[in-house]
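As structure tokens, the structure follows; a few thoughts come after it.
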Amino acid sequence: MDPVTDQRIIPVTMPKWGLSMQLGKITSWIAAEGDEIAVGDDLADIETEKIAGTLEAAEAGPLRRIIAQMGEDVPVGGTIALIAPAEVGDDDLDTAEREARAVIDAGVPADAGPAEVLTVEAGGRKISYAGAGSDGDVVLLIHGYGGDRNSWLFLQEPLAARYRVYALDLPGHGTSGKDVGDGSIGALADAVVAVLDAVGAGQAHLVGHSLGGAVALAVTAREPRRIASLTLIAPAGFGPEINAGYLRGFADAQTRRELKPVLGQLFADENLVTRQVVDDLLAYKRLDGVAEALHTLLGTLLDGDVQRAEGAASVAALGGAVPMTAVWGSADRIIPAAQAQAVDGAVVRLIEEAGHMAHMERPAEVQAAIEETIARAG
Amino acid sequence: MARSITYREAVNEALTQEMERDETVIVLGEDNAGGAGSPGEQDAWGGVLGVTKGLYHKFPGRVLDTPISESAFIGAAIGAATAGLRPVAELMFVDFMGVCFDQIYNQAAKFRYMFGGKAVTPVVIRTMYGAGLRAAAQHSQCLYPLFTHIPGLKVVLPATPYDAKGLMIQAIRDDDPVIFFEHKALYDLAGPVPEESYALPFGEANVVREGGDVTIVTLGRMVHTSLEAAGQLAGDGVQCEVIDLRTTSPLDEDTVLESVAGTGRLVVVDEAHPRCSIATDISALVAQKAFGDLRAPVEMVTAPHTPVPFSTALEDLYIPDAQRIVNAVKAVAGWTR
């Protein structure tokens, strides 16, 4: 930031959604110049190569200037709008706008490559993971059934401002080896421990979503001193109810037509299931070995149509030693939010207008819940 | 983000991975093995444009050179397929396919049917097609409509490196004869391709661009020309939905019909001649099954009904370009009764 820039001018910048994102396009402005912005207000709809989302305000104040126009490509980190109190003069805003315009017009810097994907061996399987951030505690993000490390695209970079944040691909997922062995939670936990070892994490905070929540809990049960805090987002294993139709539908879907309605159940707002999201998942499902992996893991999650529920016993065994939060979208159609009450001793955060993928639908609130949990670990 | 490799490398990688996975997969054709050991050549040539380069030494005994007799080695490949191998034959230019028609359409295409499903013919015939390489009338044709016409054959035309790998793997695993068309002008095109193996199902068109005003149905190299036109048209406020058929047999009718139901307007873009072609077939499909959705007559952008010219100036005019597609789209978008 230019030192002469008025400190009262708050730049609104193009977010980085996912480690490979370099450019974002404003598809529409929701806020207008002159609006009084509150934290969490929707500012603009943004589209990337991979996904469409809504940018929420991180700071409050009057929106004085909109710099990036609709349809314009903006490099990650480029200033797209300015928030500033009324007493900041137009001359200062003009200067800040010119600087921001130059950054947008310059495009993506030549040295801005996608983040490196690292690998580690665990039980003969290749496990892929990627990191962001260089300082602070280690945070490891563990995705759910059928997901991958990119499920955290709205969270990994924002969390990296304060922590060293890693996300892995569980066995059978992403670019990790597709053999899941017996598909047990323990086999998946081996992969998580291997990544913690590889990054030299003596202690780490775990964040697990759905199946990844059950995995995070298993890792914690195995090495309770190593895990400083646990944020479970709609974790598997805390009650008999689960949407078995969704799980089987996801495992069985062969075509875009079959997959799209299945994926809609993941979100409160089904419009988030863009063609790109469906195509990316289909490309994953068509990799050799994925169909077998997904069907094996069905047996880990389900006993008939009933969820295998071993979570409460694992939590009880921990005896409250690890700070824990259960985050749940109130509109979750895969695992009902009522199961949050079964996570004994956890702080419960219900998130309105979010489905099973709360970390994709309401990332700012999930981020706040994760940071609050980490803070409790002291 | 997946790494980027070329269309040529994508076909090569599919062959390599399937040969590693299944020892019944063999490769045969002209100059696949040739060159190995000759002065200055460490490796085999890997075919006339080097697509199978590297396979000869990696899979000893499974990459075979053949005499310059297409009728003989295509027949041999089909016979080997009926006897339990999964041969991938390289027939340099599709223009030469004429001398092996009996083996292809009267034998390979018929075995499963005539033996009541007890015989399968898992052969892949790879072949180059298309104009643009100054190779004249006998080395530049788009003959996929001929093969699409024959029940019992599957006809595949990848447009991208990703599709080339996934469709080739499916072609090798498929139990029916597959004619696999590779456009010469696409070999150096690079794009993201997963390192792992994956099979793309036949009969699933790919919507490569979404838009609500006009549907462009296309295939092969013309996918890229159509995308170029769609980009220009978006600047003029016309949003095109571009559909890459990927396979012409089986044909994904549903994706075409669903798109036309939304747009009401269709332009078919095809590098082949205009009679009895994919362009006429898609036009007839929409006229028959989506007549009520149409808000304008169907337009076709194709090569003319002439041999491919040797004159470079004429060859450039012969191949459909983005401007012709733009004109056709504007004609249907602005059509009034």
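Here the protein sequences line up with chains A and B, keeping their order.
Counting in the working numbering, the first sequence runs from 52 upward without gaps.
Counting in the working numbering, the second sequence runs from 1214 upward without gaps.
C-beta: ideal position from N, C-alpha, C; glycine also.
Exercise. Whose C-alpha, out of ARG1234(B), ALA1293(B), ALA1526(B) and SER1462(B), is nearest the C-alpha of HIS1362(B)?
Worked result: For the purposes of this step, residue 1362(B) is taken as the residue at position 149 of the second sequence. Nearest of ARG1234(B), ALA1293(B), ALA1526(B) and SER1462(B) to HIS1362(B), Cα basis: SER1462(B).
For this session: Check each candidate in GLU1423(B), GLY1444(B), CYS1453(B) and ASP1401(B) and name the one with the smallest Cα separation from ARG1434(B).
Result: Residue mapping note: residue 1434(B) aligns to position 221 of the second sequence, counting from 1. It is ASP1401(B).
Problem set entry | Exposure of HIS1518(B), with buried meaning 16 or more beta-carbon neighbours within 10 Å | Numbered from 1 along the second sequence, position 305 holds the residue referred to as residue 1518(B). By the neighbour-count rule (16 or more Cβ atoms within 10 Å), HIS1518(B) is not buried but exposed.
Exercise. What in chain A is Cβ-close to GLU1423(B), meaning under 8 Å?
Worked result: What you label residue 1423(B) is simply residue 210 of the second sequence in a count that begins at 1. Chain-order list of chain A residues neighbouring GLU1423(B): ARG326, by C-beta distance under 8 Å.
Exercise. Under 8 Å Cβ-Cβ, which residues of chain A neighbour TYR1411(B)?
Worked result: Counted from its first residue, the second sequence places residue 1411(B) at position 198. Within chain A, the residues near TYR1411(B) are ALA334, ARG337, LEU338 and ASP339.
Exercise. Based on Cα-Cα distance, which residue from ILE1287(B), GLY1343(B) and LEU1298(B) lies nearest to ILE1317(B)?
Worked result: Your numbering for residue 1317(B) matches position 104 in the second sequence. Measuring from the Cα of ILE1317(B), the nearest candidate turns out to be ILE1287(B).
For this session: Inspect the beta-carbon positions of PRO1522(B) and GLU1528(B) and report whether they are closer than 8 Å.
Result: Against the second sequence, residue 1522(B) aligns to sequence position 309. Against the second sequence, residue 1528(B) aligns to sequence position 315. Cβ atoms of PRO1522(B) and GLU1528(B): closer than 8 Å.
For this session: Could you tell me the distance, in whole angstroms, from the CA atom of ASP96(A) to the CA atom of ALA405(A)?
Result: Within the first sequence, numbered from 1, the residue matching residue 96(A) stands at position 45. Within the first sequence, numbered from 1, the residue matching residue 405(A) stands at position 354. Cα to Cα, the separation comes out at about 17 Å.
Problem set entry | Cβ pair ALA1509(B), VAL1473(B) closer than 8 Å | As a working note, residue 1509(B) is residue 296 in the second sequence. As a working note, residue 1473(B) is residue 260 in the second sequence. In this structure, VAL1473(B) does not lie closer than 8 Å to ALA1509(B) by Cβ.
Problem set entry | ASP96(A): first and last residue of the uninterrupted beta strand (DSSP E) it sits in | On the first sequence, position 45 is the one that residue 96(A) refers to. Counting along the chain, the beta strand (DSSP E) containing ASP96(A) begins and ends at 93-98.
Exercise. Is the beta carbon of HIS1270(B) less than 8 Å from the beta carbon of TYR1342(B)?
Worked result: Along the second sequence, one-based indexing puts residue 1270(B) at 57. Along the second sequence, one-based indexing puts residue 1342(B) at 129. No.
Exercise. When DSSP builds the beta bridges, which residues end up paired with CYS1453(B)?
Worked result: As a first step, residue 1453(B) is located in the second sequence; it is residue number 240 there, counting from the start. The partner list for CYS1453(B) (beta bridge, DSSP) reads VAL1427(B).
For this session: Could you list which residues in chain A have their beta carbon closer than 7 Å to that of PRO1374(B), in chain order?
Result: Counting from 1 along the second sequence, the entry for residue 1374(B) is found at position 161. Here the premise fails: no neighbours, minimum Cβ distance about 13 Å.
Problem set entry | Those residues which DSSP pairs with MET1513(B) across a bridge | The residue you call residue 1513(B) lines up with position 300 of the second sequence. The partner list for MET1513(B) (beta bridge, DSSP) reads VAL1481(B).
Exercise. Apart from the five residues on each side of it in sequence, which residues of its chain come closer than 7 Å, Cβ to Cβ, to ALA1246(B)?
Worked result: Residue 1246(B) sits at position 33 when you count from the first residue of the second sequence. These residues qualify, in order along the chain: ALA1257, TYR1269, VAL1276, LEU1277 and ASP1278.
Exercise. Hey, which unbroken runs of the alpha helix (DSSP H) at 4 residues or more fall wholly within the stretch 200-269 of chain A?
Worked result: If you keep only unbroken alpha helix (DSSP H) runs of at least 4 residues inside the stretch 200-269 of chain A, you get 207-211 and 236-249.
Exercise. If we call anything under 8 Å between Cβ atoms a contact, is LEU1458(B) one with LEU1479(B)?
Worked result: In the second sequence, the residue the question calls residue 1458(B) occupies position 245. In the second sequence, the residue the question calls residue 1479(B) occupies position 266. For LEU1458(B) and LEU1479(B), no; Cβs fall outside 8 Å.
Exercise. In chain A, which residues lie less than 9 Å from PRO1414(B) when you measure between Cβ atoms?
Worked result: Here residue 1414(B) is taken as the residue at index 201 of the second sequence, counted from 1. Residues of chain A passing the Cβ test: GLN305, THR306 and ARG337.
For this session: Would you kindly check if the distance between the Cβ of ALA428(A) and the Cβ of HIS256(A) is under 8 Å?
Result: As a position in the first sequence, residue 256(A) is number 205, starting the count at 1. As a position in the first sequence, residue 428(A) is number 377, starting the count at 1. In this structure, ALA428(A) lies closer than 8 Å to HIS256(A) by Cβ.
Problem set entry | Limits of the alpha helix (DSSP H) - the one that ASN1540(B) falls within | By one-based count along the second sequence, residue 1540(B) stands at place 327. 1535-1546 is the span of the alpha helix (DSSP H), which, as asked, contains ASN1540(B).
Problem set entry | Interface positions of the stretch 1516-1543 of chain B facing chain A (Cβ-Cβ less than 9 Å), listed along the chain | Among the residues of the stretch 1516-1543 of chain B, none has a Cβ less than 9 Å away from any Cβ of chain A.
Exercise. Can you list, in chain order, the stretches of the beta strand (DSSP E) that have 3 or more residues and sit fully within the stretch 1329-1400 of chain B?
Worked result: 1337-1342, 1367-1369 and 1391-1396
Exercise. With 16 as the cutoff for other CB atoms within 10 Å, does ASP53(A) come out buried or exposed?
Worked result: In the first sequence, counting from the first residue as 1, residue 53(A) sits at position 2. Low per-residue confidence applies at ASP53(A): pLDDT is 46, beneath 50, and the placement is therefore not dependable, though the value from the model is reported in the following sentence. With fewer than 16 other CB atoms across the displayed protein chains lying within 10 angstroms of its CB, ASP53(A) is exposed.
For this session: Compute the beta-carbon to beta-carbon distance between GLY223(A) and ALA344(A), rounded to the nearest angstrom, for a pair I have assumed lies under 8 Å.
Result: To locate residue 223(A), count along the first sequence from 1; it is residue 172. To locate residue 344(A), count along the first sequence from 1; it is residue 293. Yes, they are in contact, since the Cβ atoms of GLY223(A) and ALA344(A) sit about 3 Å apart, within 8 Å.
For this session: Give the DSSP bridge partners of TRP68(A), in chain order.
Result: Translated into the one-based positions of the first sequence, residue 68(A) becomes position 17. Answer is none; TRP68(A) lacks a bridge partner.
Exercise. Around the Cβ of PRO291(A), are there at least 16 other Cβ atoms within 10 angstroms (buried) or fewer (exposed)?
Worked result: Here residue 291(A) is taken as the residue at index 240 of the first sequence, counted from 1. Exposed.
Problem set entry | Environment of CYS1489(B) [buried if 16+ CB atoms lie within 10 Å] | Stepping through the second sequence from its first residue, residue 1489(B) is reached at position 276. When all chains shown are included, CYS1489(B) counts as exposed.
Problem set entry | Whether VAL1499(B) touches LEU1507(B) by CB criterion (8 Å) | For the purposes of this step, residue 1499(B) is identified with residue 286 of the second sequence, where counting begins at 1. For the purposes of this step, residue 1507(B) is identified with residue 294 of the second sequence, where counting begins at 1. A contact, by the Cβ cut-off of 8 Å.
Exercise. Residues of chain A with a CB under 8 Å from the CB of GLU1417(B): which are they?
Worked result: For the purposes of this step, residue 1417(B) is taken as the residue at position 204 of the second sequence. For GLU1417(B), the chain A residues whose Cβ falls inside 8 Å of its Cβ are THR306 and ARG307, in order along the chain.
For this session: Assuming PRO1358(B) contacts ALA1223(B) (C-beta within less than 8 Å), just tell me the rounded distance between them.
Result: Mapped onto the second sequence, residue 1358(B) falls at position 145. Mapped onto the second sequence, residue 1223(B) falls at position 10. Actually they do not touch by this definition, with Cβ atoms about 25 Å apart.
Exercise. If you run the structure through DSSP and keep just helix, strand and coil, what is MET1214(B)?
Worked result: Walking along the second sequence from the start, residue 1214(B) turns up at place 1. Since pLDDT at MET1214(B) reaches only 48, below the 50 mark, its modelled position is unreliable, and no value is offered.
Exercise. Quick one: does PRO1407(B) have its CB under 8 Å from some CB of chain A?
Worked result: Against the second sequence, residue 1407(B) aligns to sequence position 194. So yes, PRO1407(B) belongs to the interface.
Exercise. Should PHE318(A) go down as buried or exposed, given a rule of 16 or more other Cβ atoms within 10 Å for buried?
Worked result: Here residue 318(A) is taken as the residue at index 267 of the first sequence, counted from 1. With 16 or more other Cβ atoms within 10 Å, it is buried.
Exercise. So TYR180(A) is in the beta strand (DSSP E); what residue range does that whole segment cover?
Worked result: As a working mapping, residue 180(A) is identified with position 129 in the first sequence. First-last of the beta strand (DSSP E) with TYR180(A): 176-183.
Problem set entry | Continuous beta strand (DSSP E) assignments of at least 3 residues falling wholly in the stretch 1274-1305 of chain B | 1276-1278
Exercise. Can you name, in chain order, every residue of its own chain whose Cβ lies under 6 Å from the Cβ of TRP203(A), other than the five neighbours on each side?
Worked result: One-based indexing of the first sequence puts residue 203(A) at position 152. Sequence-distant partners of TRP203(A) (beyond 5 residues in either direction) whose C-beta falls short of 6 Å from its own C-beta, in its chain, are LEU192 and ALA218.
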